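So the structure is just underneath, and the comments pick up after that.
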Amino acid sequence: METYAGEYNPVAVLILKCTLEYPQKYGKPKEVKEDWGLLKGSVVKNPLLEDVKKWGNWVLESTKKEIGEFYPEDNGGSIPVGYIWARAIPCQNPSCNAEIPLMRQFWLAKKDNKKVALKPFAKDGRVEFEIVGQGKLFPEDFEPEKGTVSRAIATCLVCGGVVDDKTTRKLFQEGKAGQRMVAVVLHHPKKRGKTYRLATEKDLEVFREAEKYLEEKRAKLMEEWGIDPVPDEPLPPKETLGFRVQRYGMLKWGDLFNPRQKLALITFVEKVKQAHERLLAEGAEEYAKAVMSYLALGIDKLVETSSVLCRWKPDTVQVIPALSGRQAIPMIWDYFELNTISDISRGWTNTVDVLLDSFRIIGEMNNFAKVIQSSATALPYPDDYFDAVFTDPPYYDNVPYSYLSDFFYVWLKRTIGDLYPDLFSTPLTPKSKEIVAYTNERSWEEAKEHFEANLKKSFQEIYRVLKPDGIATIVYTHKSTSGWETLINSLLDSGLVVKASWPIDTEMKARLRAKESAALASSIYFVVRKMKREETGWYNEVREEIKKHIYQKLERLWQEGISGADFFIAGIGSAIEIFGKYEKVMDYEGNIIRADKLLEFVREIVTDYAVRQILHNGIAGELSPLTRFYLLWRWTYQEAKVLFDNARKLAQSTGIDLTREWNKGFIIKDKEFIKVLGPQERDLACLRADTHRQAGLEDSRELIDVLHNVLLLWKEGNREDMKKVLSDSGFGGKDAFYRVAQAISETLQIDSKEKKLLDGFLSGKERLLSEIKEAYKQRMLF
2 METYAGEYNP VAVLILKCTL EYPQKYGKPK EVKEDWGLLK GSVVKNPLLE DVKKWGNWVL
62 ESTKKEIGEF YPEDNGGSIP VGYIWARAIP CQNPSCNAEI PLMRQFWLAK KDNKKVALKP
122 FAKDGRVEFE IVGQGKLFPE DFEPEKGTVS RAIATCLVCG GVVDDKTTRK LFQEGKAGQR
182 MVAVVLHHPK KRGKTYRLAT EKDLEVFREA EKYLEEKRAK LMEEWGIDPV PDEPLPPKET
242 LGFRVQRYGM LKWGDLFNPR QKLALITFVE KVKQAHERLL AEGAEEYAKA VMSYLALGID
302 KLVETSSVLC RWKPDTVQVI PALSGRQAIP MIWDYFELNT ISDISRGWTN TVDVLLDSFR
362 IIGEMNNFAK VIQSSATALP YPDDYFDAVF TDPPYYDNVP YSYLSDFFYV WLKRTIGDLY
422 PDLFSTPLTP KSKEIVAYTN ERSWEEAKEH FEANLKKSFQ EIYRVLKPDG IATIVYTHKS
482 TSGWETLINS LLDSGLVVKA SWPIDTEMKA RLRAKESAAL ASSIYFVVRK MKREETGWYN
542 EVREEIKKHI YQKLERLWQE GISGADFFIA GIGSAIEIFG KYEKVMDYEG NIIRADKLLE
602 FVREIVTDYA VRQILHNGIA GELSPLTRFY LLWRWTYQEA KVLFDNARKL AQSTGIDLTR
662 EWNKGFIIKD KEFIKVLGPQ ERDLACLRAD THRQAGLEDS RELIDVLHNV LLLWKEGNRE
722 DMKKVLSDSG FGGKDAFYRV AQAISETLQI DSKEKKLLDG FLSGKERLLS EIKEAYKQRM
782 LF
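To get the working numbering, take the position in the sequence shown, counting from 1, and add 1.
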């Protein structure tokens, strides 16, 4: 198949070229003659792979020669894997003024067979450290999980004073914060595992020498390249989604690296540029460009593990890259500085090995592929050109794609920008035509209109370039109704007709943001065609058609194990299959029905279906709206907090007005989020407010309130009061009460505290029912 790929983002374009284009042009295995002294023969080799490997090694050895002295071995031959640093601020207690090392925790190694930690202690008005668990017994009363900072609130270990979050940020912004090298992680080439020691004055001297050399080298390269070798381009505006570091005085991309990291990275960049000059002397210009593109991507991978946003992960004893597991650039208090020239962990050697491993996959492909930079709103192809189109458009306002790409772009520009003048002509990645609902330079309504208008243009372009009998796949996911309204309206207006839709798992279940947020596990794959649509559909008739179609689809999805928010999203996809058949859908009053009305109807259908399935049918009609809401929330969002608009629509589908219910019982509004409290959280909330634990629960006859009250009494072992609550409320003998409790338990994760309470309570259900019945009989006798 002839394959064409287009991307607006230059970083993505380069990745596509290295994935699709260059392996087909230059990466085909060839027979190479070799001379082994007495013997001669031939072997099959991949020339592109071999040259990436060869020049990658040359870059490393050249870099080692120049800056190896700044990563010295210990006297015993141990090599530094890297250095653990803590940012620091002065204590604001006037009588103390000690330096507070900001560390979220003190573990160095936390494995089953190895537990090592930094133990802080105060001495002469200063915080010092000792290493425990390695040559010194681990104190029983020491809790390494408890650091000195959380959510920018810092605690002084000398005087016990607390610095609030606003003051912490202010100290950073005013340049009154610093950093402190705390420990060194080591590895001996002839021994297994890693060892740890405290940082010494000698370590600091070496670091200061690297800082001096950086200034010399930076000035030299600036003169040679005509650009600051350390990225001086500005970070995005501080309100940009996922970016938090600007609050702490980091305003340029170069601020995300300490001096030795900057020195290492600009030296690697310089060596790659020198390797290109040498390779040019040996071969063709385009081939040399391809080889250097892979090494440039290697530098970008190195950048990700060589910034002040990298963490030391004690349970795996390795560096965690800056953007690992999340699409954000958050503040990191204690960071890990990797030895980039070491063979251990994620240095240059490991990075190049990863690139070489990828060749074993992409080298097996055999097709024509052409990659270009272009906007999806203006495809450079004639009408009716493609048999198939596949696209995964931006997800509304979910991810700041281009701003995150700038993290890599600024280094690519310095490494191979001269090889791709068209791709790297702008200071940062182009953003004016990016189809994302950003609000940085526009209002929310303007951002929404921008996204919808350009998404519609993109879909219209797909329609234009697709052959009459062609097929297209559009991937989309978003947890907000607004995001889906925008996609649906754009699709309906493009002329494309949705013929099928399927949820496909696309996300890691354990990724960092999934537990605390209502993250989706799947994306919807829409299969669309270029075909004639029916002229007008009448809403009443279309509703019945949708209902019938959705029930059939939901039945299958339920059997497939699709659940929670993903189930609702799958329902949306199914509805569009019917709704999109028509040029327009109207009600009998002549109003055109758009996506907002469709989604409202779909949510009602899916809610009704889901509740009946969760309860295994039978008692859905007996439940109050609040109980239906609680049950559906736990099934949909588990214990996550959710944006108000999404929560409101879920509540609406169960028949409750969220604004009348929040902050009265289990529904809590916190800024723009809604959270549904479990029994243990309601208990804590009452304790913090210094009120009786059962406040808000004792007199309620709402099933969920009674259940929470009973669970808290069960937790306390207060069996008599628990039986009294069940008896007085009338729920003790009702099967529906226990079935709801069982259904909620089945929706929750195995490590949920609420689930453990529910399972414990339900395990004694039969005995409890017997006791309640006996008590009822005794009461009737008197």
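Every residue, glycine too, gets a C-beta built ideally from N, C-alpha and C.
Everything numeric in this text was worked out from a predicted model, so none of it was measured.
Cβ neighbour criterion (16 or more within 10 Å) applied to residue i
i      : result
HIS617 : exposed
ASP470 : exposed
LEU252 : exposed
THR352 : buried
SER444 : exposed
ASN664 : exposed
TYR589 : exposed
ALA297 : buried
GLN750 : exposed
TRP636 : buried
SER730 : buried
ASP142 : exposed
ARG170 : buried
THR64  : buried
ASP256 : buried
MET332 : buried
Simplified DSSP state of residue i, which is helix, strand or coil
i      : result
TYR1   : Coverage of the chain is limited to positions 2 through 783, which leaves residue 1 absent and any answer about it impossible.
VAL411 : helix
LYS510 : With a pLDDT of 45 at LYS510, under the threshold of 50, the modelled position of that residue is not reliable, and no figure is offered here.
GLU535 : strand
VAL318 : coil
VAL309 : coil
ARG544 : helix
GLY496 : coil
ALA184 : strand
ALA276 : helix
ILE657 : coil
PRO504 : strand
GLU640 : coil
PRO24  : helix
LYS302 : helix
PHE674 : strand
VAL12  : helix
VAL44  : strand
Integer-rounded CB distance, given that residue j should sit under 8 Å from residue i
i      : j      : result
LEU339 : THR306 : 5 Å
PHE452 : THR487 : 6 Å
ALA184 : VAL159 : Actually they are not in contact, since the Cβ atoms of ALA184 and VAL159 sit about 20 Å apart, beyond 8 Å.
SER325 : TYR23  : About 26 Å separates the two Cβ atoms, so there is no contact after all.
GLU578 : HIS550 : 7 Å
LEU187 : PRO315 : Not quite, the Cβ-Cβ distance comes to about 15 Å (not below 8 Å), so this is no contact.
LEU599 : ALA576 : 6 Å
C-alpha distance - residue i paired with residue j, whole-angstrom precision
i      : j      : result
LEU758 : VAL304 : 46 Å
LEU264 : ALA211 : 7 Å
LYS213 : TYR72  : 15 Å
TYR739 : GLY761 : 12 Å
PHE269 : LEU633 : 54 Å
LYS582 : VAL643 : 33 Å
GLN174 : GLN247 : 9 Å
VAL437 : SER764 : 50 Å
GLU278 : ARG415 : 15 Å
VAL164 : THR350 : 42 Å
GLU1   : ARG181 : No statement about residue 1 is possible, as the shown extent of the chain runs from 2 to 783 and does not include it.
MET509 : GLN93  : With a pLDDT of 46 at MET509, under the threshold of 50, the modelled position of that residue is not reliable, and the figure given next carries that caveat. Answer to the nearest angstrom: the Cα atoms are 42 Å apart.
PHE1   : PHE645 : Beyond the ends of the chain as shown, which are 2 and 783, falls residue 1; an answer cannot be given.
GLY83  : GLU234 : 27 Å
ILE1   : ASP301 : Lying outside 2 to 783, the shown extent of the chain, residue 1 is not represented and no answer is given.
THR378 : LYS116 : 55 Å
TRP334 : ARG312 : 9 Å
THR628 : THR660 : 17 Å
THR149 : MET104 : 5 Å
ALA596 : SER771 : 53 Å
- In chain order, which alpha helix (DSSP H) runs of at least 4 residues are fully inside the segment 191-250? 202-226
- Item | Every unbroken beta strand (DSSP E) inside the segment 382-426 [3 residues or more] | 387-392
- Query: What beta strand (DSSP E) runs, 3 residues minimum, are completely inside the segment 77-164?
  - Reply: 80-91, 100-103, 108-112, 115-124, 127-133, 154-156
- What are the uninterrupted segments assigned as alpha helix (DSSP H) that are 4 or more residues long and contained completely in the segment 441-479, given in chain order? 445-466
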